[in-house]
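Residues in the sequence shown are numbered consecutively from 4, following this note's numbering.
Quick reminder that beta carbons are idealized off the backbone N, C-alpha and C, glycines included.
None of these values were measured; they are calculated from a predicted model.
Please read the structure below before turning to the comments.
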Amino acid sequence: TVAFTKLITVNGQEYHLQLVDTAGQDEYSIFPQTYSIDINGYILVYSVTSIKSFEVIKVIHGKLLDMVGKVQIPIMLVGNKKDLHMERVISYEEGKALAESWNAAFLESSAKENQ
C-alpha cells in the first residue's frame, strides 16, 4: 500500500487529503485500519477494464463500513479508464447501480484524457 498526503483548503476549511493506492494487492490484506481513523469521506476507484478491480472495490467498501461502524460517510465511486472503449468490461450502468446501492456519488474518468 502506498499513501500520498497533501493539505488542501476548501471553502476556508483545511483538510488532509490522503490517497491510498492499493493496486495489485490481495483484497483481504489491502486496507489497514489506520486508514479509517478520523475520515471525512472516501473516493473508491476501479478500472472499467477489470472485473477483478470492480470486485475488489466491493470488498474494500465492505471493510470500510466494518471499520467505521457503518456510519454514513460520503463516498464517491469512480470508474477509471473510460477512454479504453474496446477493453471495457464494466458498463457505465453497472458502476452507477453499484454506487446507488451504496448511496454514493458516481462518475467515470480518464487519467489519460485528463477527464
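When the five nearest sequence neighbours on each side are left out, the beta carbons in the same chain lying within less than 7 Å of the beta carbon of residue 99 are those of 109, in order along the chain.
Here the alpha carbons of residue 82 and residue 54 stand approximately 11 Å from one another. Partner residues in the beta bridge of residue 17, as assigned by DSSP, are 12. Here residue 79 is bridged, per DSSP, to 46 and 108. Taking C-beta separations shorter than 6 Å and ignoring five residues to either side along the sequence, the partners of residue 44 in its chain run 76 and 77, following chain order. Non-local C-beta neighbours of residue 60 in its own chain, meaning closer than 7 Å and more than five positions away in sequence, comprise 47 and 49, ordered along the chain. The continuous alpha helix (DSSP H) containing residue 68 extends over residues 54-71.
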